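Enquirer: This is the structure I want to talk about, given as structure tokens.
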Amino acid sequence: MPTLAKGYAATDASKPLTPFTFERRDPKDDDVVISVKYCGVCHSDIHQARNEWGNAVYPMVPGHEIAGIVTAVGSKVTKFRVGDHVGVGCFVDSCVGCATRDLDNEQYLPGVVFTYNAVEADGKTATQGGYSDSIVVKEGYVLSIPDNLPLDASAPLLCAGVTLYSPLRHWKAGPGKKVAIIGMGGLGHLGVKIGAAMGAEVTVLSQSLSKKEDGLKLGATEYYATSDASTFEKLAGTFDLIINTVSAPVDWNAYLNLLKVNGTMVLLGIPEQAIAVHAFSLIPGRRSLAGSMIGSIKETQEMLDFCGQHDIVSEIETIKIQDVNEAYERVLKSDVRYRFVIDMASIA
Ligand code: NAP
Ligand code: ZN
291 MPTLAKGYAA TDASKPLTPF TFERRDPKDD DVVISVKYCG VCHSDIHQAR NEWGNAVYPM
351 VPGHEIAGIV TAVGSKVTKF RVGDHVGVGC FVDSCVGCAT RDLDNEQYLP GVVFTYNAVE
411 ADGKTATQGG YSDSIVVKEG YVLSIPDNLP LDASAPLLCA GVTLYSPLRH WKAGPGKKVA
471 IIGMGGLGHL GVKIGAAMGA EVTVLSQSLS KKEDGLKLGA TEYYATSDAS TFEKLAGTFD
531 LIINTVSAPV DWNAYLNLLK VNGTMVLLGI PEQAIAVHAF SLIPGRRSLA GSMIGSIKET
591 QEMLDFCGQH DIVSEIETIK IQDVNEAYER VLKSDVRYRF VIDMASIA
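Under our numbering, the sequence shown is numbered contiguously, ending at residue 638.
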């Protein structure tokens, strides 16, 4: 008999999330059954619950920053045991229809199966995410959370953490590199911590100076308000790498001008609207505009181990699941320090 899971689901783009009971599959030989203890609230959950990317399928249980404890394993599972602290991130399968499983780039494979708002490898079952009390996931897509990290504050590492770690590594953030992070929200604040731990000099570009003290404490060396036009004059030609985490439309041309020659701006934030980029924003400095999406399973484990070594976790505000709709409104107002995490004990 499949297990009944209790969760919260979006049922329509304009309605609040409401309680929802659904089936989790019986574990197969290679499956891990996880009791979800905490789940982060990512801005992507809001975009998708409200159908801002145009691909929503309802009912949708969001949540891809999952931290929990293993309660059962299939007979062929070798990496995990009952009681282990584990995480699940943005995808739960990847090789469906693909000739090979590219372990360094699974998230970019056409067969990637996202943790929610997608269809499982069987081609018919809707995936449902971590705003729920349990989840069943193939062993190869389950991550080990280092024992020295608390489960609640580790949950956001599963999406926000790896989404920053991956481009910081790929574009070689480290000693001697000047990195700017645009937006100090859930993604951005982890970018500051991880970038600083990698040895880069990190600057935050935020709408105001209201979070400056926090930013400097988390590891930034400089913090500027983008509402002040002089910021863009002062910082012209400064950065090797700019990581843009802003969820809303902003003028990318103004930020591209802050890159050094050969610098790169990486887009992580996903506004609904298209944004025009002028050729002159790129050509004079041989600048690049790039994108990056989460990270592979291998890279996610590498990130968790890195965070374990450097004692990096998210700054969190824990909420009950009953308060998730209010939390969404607060995220939209940038009123979160710096990630909401749902305590799943509240669902009982
Ligand atoms: P978040 O916590 O809401 O942070 C976004 C930050 O952007 C805010 O804290 C704010 O920072 C800044 N911001 C918001 N509205 C702005 C505006 N109108 N103008 C300028 N700055 C603004 O969201 P998040 O969870 O970090 O996610 C950020 C974006 O990344 C979302 O679009 C999400 O879907 C996307 N995402 C992408 C990936 C990926 O793989 N590429 C993964 C996860 C999430 P300040 O207050 O400091 O200005
Ligand atoms: Zn996310």
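Positions of the beta carbon are idealized from the N, C-alpha and C atoms, including for glycine.
Note that the structure is predicted; figures quoted are calculated from it, not measured.
Return the Cβ separation of GLN497 and ALA515 in integer angstroms, given the expectation that the two are a contact with Cβ distance under 8 Å.
Expert: Taking the sequence shown and counting its residues from 1, one reaches residue 497 at position 207. Taking the sequence shown and counting its residues from 1, one reaches residue 515 at position 225. Right, their Cβ atoms sit about 7 Å apart.
Enquirer: Under the DSSP definition of a beta bridge, which residues are partnered with LEU433?
Expert: Taking the sequence shown and counting its residues from 1, one reaches residue 433 at position 143. Paired residue(s): GLY377.
Enquirer: If I'm right that THR535 touches ILE471 with Cβ under 8 Å, what's the distance once you round it to whole angstroms?
Expert: Here residue 535 is taken as the residue at index 245 of the sequence shown, counted from 1. Here residue 471 is taken as the residue at index 181 of the sequence shown, counted from 1. About 7 Å; that satisfies the 8 Å criterion.
Enquirer: Taking just the CA atoms, how far does VAL482 sit from ALA519?
Expert: Position 229 of the sequence shown holds residue 519. Position 192 of the sequence shown holds residue 482. So the two alpha carbons sit approximately 23 Å from each other.
Enquirer: To the nearest angstrom, how far is it from the Cα of VAL351 to the Cα of GLY330?
Expert: What you label residue 351 is simply residue 61 of the sequence shown in a count that begins at 1. What you label residue 330 is simply residue 40 of the sequence shown in a count that begins at 1. If you take the alpha carbons of VAL351 and GLY330, they lie about 13 Å apart.
Enquirer: Quick check: ILE336 and THR453, are their CB atoms within less than 9 Å of each other?
Expert: Along the sequence shown, one-based indexing puts residue 336 at 46. Along the sequence shown, one-based indexing puts residue 453 at 163. Cβ atoms of ILE336 and THR453: not closer than 9 Å.
Enquirer: Would GLY353 be called buried (16 or more neighbouring beta carbons within 10 Å of its own) or exposed?
Expert: Here residue 353 is taken as the residue at index 63 of the sequence shown, counted from 1. GLY353 is buried by the Cβ-count criterion.
Enquirer: Taking 8 Å as the cut-off, is the beta-carbon of ALA411 closer than that to any non-hydrogen atom of the ligand ZN?
Expert: Taking the sequence shown and counting its residues from 1, one reaches residue 411 at position 121. No, the Cβ of ALA411 stays beyond 8 Å of every heavy atom of the ligand ZN.
Enquirer: For the structure I just gave you, are there three or more beta carbon pairs, one from the segment 569–578 and one from the segment 544–560, closer than 8 Å?
Expert: With a cut-off of 8 Å, the segment 544–560 and the segment 569–578 count as touching, because enough Cβ pairs lie within range.
Enquirer: Tell me whether LYS462 sits in a helix, a strand or coil according to DSSP, three-state version.
Expert: The residue you call residue 462 lines up with position 172 of the sequence shown. Coil.
Enquirer: Mapping DSSP to helix, strand and coil, what is ASP530?
Expert: For the purposes of this step, residue 530 is taken as the residue at position 240 of the sequence shown. DSSP places ASP530 in strand when its eight states are reduced to three.
Enquirer: Thinking C-alpha only, which one of PRO400, ASP383 and PRO436 is nearest ASP412?
Expert: Residue 412 sits at position 122 when you count from the first residue of the sequence shown. It is ASP383.
Enquirer: Are GLU313 and ALA300 closer than 9 Å when you measure CB to CB?
Expert: Indexing the sequence shown from 1 puts residue 313 at position 23. Indexing the sequence shown from 1 puts residue 300 at position 10. No, they are not a contact pair.
Enquirer: Using a threshold of 8 Å, is the CB atom of GLU562 nearer than that to any non-hydrogen atom of the ligand ZN?
Expert: On the sequence shown, residue 562 is found 272 positions in, with the first residue counted as 1. Not under cutoff, so the answer is no.
Enquirer: Quick check: does the Cβ of CYS380 come within less than 8 Å of any heavy atom belonging to the ligand ZN?
Expert: Against the sequence shown, residue 380 aligns to sequence position 90. Answer for CYS380: yes, Cβ within range of the ligand ZN.
Enquirer: Does the beta-carbon of ASP518, which I'm using as the reference point, lie nearer than 8 Å to any heavy atom of the ligand ZN?
Expert: For the purposes of this step, residue 518 is taken as the residue at position 228 of the sequence shown. It does not: the Cβ of ASP518 is nowhere closer than 8 Å to a heavy atom of the ligand ZN.
Enquirer: Do the segment 303–311 and the segment 429–438 make contact, defined as three or more Cβ pairs closer than 8 Å?
Expert: Contact between the segment 303–311 and the segment 429–438 is absent, because fewer than three Cβ pairs lie under 8 Å.
Enquirer: Tell whether a beta-carbon distance below 9 Å holds between ALA445 and VAL631.
Expert: Here the question's residue 445 lines up with position 155 in the sequence shown. Here the question's residue 631 lines up with position 341 in the sequence shown. Cβ distance < 9 Å, so ALA445 and VAL631 count as in contact.
Enquirer: Look up GLU491 in the DSSP assignment and give the residues it is bridged to.
Expert: Looking up residue 491 in the sequence shown gives position 201. Answer is LYS468, bridged to GLU491.
Enquirer: Quick one: residues in its chain with C-beta nearer than 8 Å to the C-beta of SER604, no 5 flanking neighbours on either side, listed in chain order?
Expert: Taking the first residue of the sequence shown as position 1, residue 604 is located at position 314. Hits under 8 Å: GLY330, ALA443, SER444, ALA445, PRO446, LEU447, ALA450, GLY451, GLY476, HIS479, LEU480, TYR628, ARG629 and VAL631.
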